[in-house]
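Those letters in the sequence shown? Residues 1 to 342, by full-length UniProt numbering. From the three backbone atoms N, C-alpha and C, an ideal C-beta is built for every residue, glycine too. Here the structure is a predicted model, which is why all the values come from computation and not from measurement. Below you'll find the structure, written out as structure tokens, and then a few comments.
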Amino acid sequence: MFRVPTAAVDVNYKSYSIRVLSCTVDEHGHPAIVEEAFDEVILIAKGWQKFKDRKVPTDPWVGRGGSKVVCQGMFKHKEYAICQVGPLGAFNLNTEPANKKDLLDELKTTAIGQFFIKDFMNRADAEGYADLPEMRFNFDGAFVGEVTSHDFVGGPYEYNDDNDDPLLLHSFLATPLISLTDGYKEIKFSGSLSVGHNPETFLGNVVNTFAHHVYDVSDKTCILVDLQELGFVSNDEKTIVLFDPQAHTNNWASGKTGYWDLGEKQIAVFAKEHTCKNICHALKLPKLLRGSGSQVPAGRAANAVRRKQKAPFRIQDFDSDCEIEELSGNCSPRIKISDLCD
């Protein structure tokens, strides 16, 4: 998440003891939720409810999306965006179990997105294409926090002077806060129901090509979409930071990746409407047969290169019911996304 520059405001915080749930991904692209062995302390800004109807972020209020409200936090001396599920009407996620599942699904989908970006960059290297900007999801340092206090009740969604609790439910998603003062600008990319329709610019072309790559490397079983309809680009346009992805999947053994997953129908829409541009051609992505979802095979030599370079994974056993692994001295090290991206 991001923050637009605002005038200096005194922000008051409330501290919580939390259990940290992070996500790892192995070399085959399989995510797993890891529970840290020791509790941590996080500071979460109070009083955001007072500003929640404002369209412009105002400390301590960061903003809202289609399903979440976001306020400021501090974790290990770094600024964080604290994302909580707000009242959603038809989407009844504002119960403890549904809220936690949604947040963990989001964290794992972001980890999968980062894994796909790593493979996308490898593909560009294999094909000798050196013009891609640096790309990443806002994943490094992200986690789901769960309050461990037994007497936690939760604050109100509406502002109440008599209740200064900034957390609505036990669980929340925490991501590093991106500030436009750090040299980033805002740009819109595709929404969850408008896959492949990105701006007719170089950066839009890059994201469209990335979407095609995900479709190809997942054997036409996945497309990544939404990205909160926003990305952040460095002012020199050499870095793209994406966040809050959603996925449409088909034939994954564990079922849907989240409540947003509309499956084969939306994958077919992408296959029908995506138009390959110069970067797709440079990366030798198979041309889509429009309207069929099939792909025209790339040249024999190109296929041989991809078979050699392509990550050996199929993500059909994506586990939406989280496996919890405790980090302790007896556990073998897990591969972190940050390690995969070095």
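Specify the secondary structure class of residue i as computed by DSSP and reduced to three states.
{"i": "W48", "result": "helix"}
{"i": "A37", "result": "coil"}
{"i": "K310", "result": "Per-residue confidence for K310 stands at a pLDDT of 42, beneath the threshold of 50, marking its modelled position as unreliable; no derived number is given."}
Check the DSSP bridge columns for residue i and list the partner residues they point to.
{"i": "A32", "result": "T24"}
{"i": "C71", "result": "W61, I82"}
{"i": "L167", "result": "Paired residue(s): none; L167 is not in a bridge."}
{"i": "K14", "result": "I44"}
{"i": "R54", "result": "Answer is none; R54 lacks a bridge partner."}
Do residue j and residue i come within 8 Å of each other at the CB atom, strictly closer than that value?
{"i": "F137", "j": "P57", "result": "no"}
{"i": "H170", "j": "V147", "result": "yes"}
{"i": "L173", "j": "L103", "result": "yes"}
{"i": "F120", "j": "F210", "result": "yes"}
{"i": "Q72", "j": "L168", "result": "no"}
{"i": "K52", "j": "V69", "result": "yes"}
{"i": "I82", "j": "I33", "result": "no"}
{"i": "G258", "j": "T109", "result": "yes"}
{"i": "E134", "j": "T239", "result": "yes"}
{"i": "S22", "j": "F143", "result": "yes"}
{"i": "L262", "j": "C276", "result": "no"}
{"i": "P166", "j": "K14", "result": "yes"}
{"i": "V214", "j": "L224", "result": "yes"}
Which first and last residues belong to the beta strand (DSSP E) in which residue i is found?
{"i": "L173", "result": "171-176"}
Note the first and the last residue of the continuous alpha helix (DSSP H) segment covering residue i.
{"i": "C276", "result": "Premise fails: C276 is in no alpha helix (DSSP H) and is neither H nor E."}
For the stretch 77-157, which segments carrying the beta strand (DSSP E) assignment without a break, of at least 3 residues, lie completely within its bounds, in sequence order?
-> The qualifying runs are 78-85, 134-137, 143-147.
What are the complete alpha helix (DSSP H) segments, minimum 4 residues, inside the stretch 198-273?
-> Listed in chain order, they are 202-217, 264-273.
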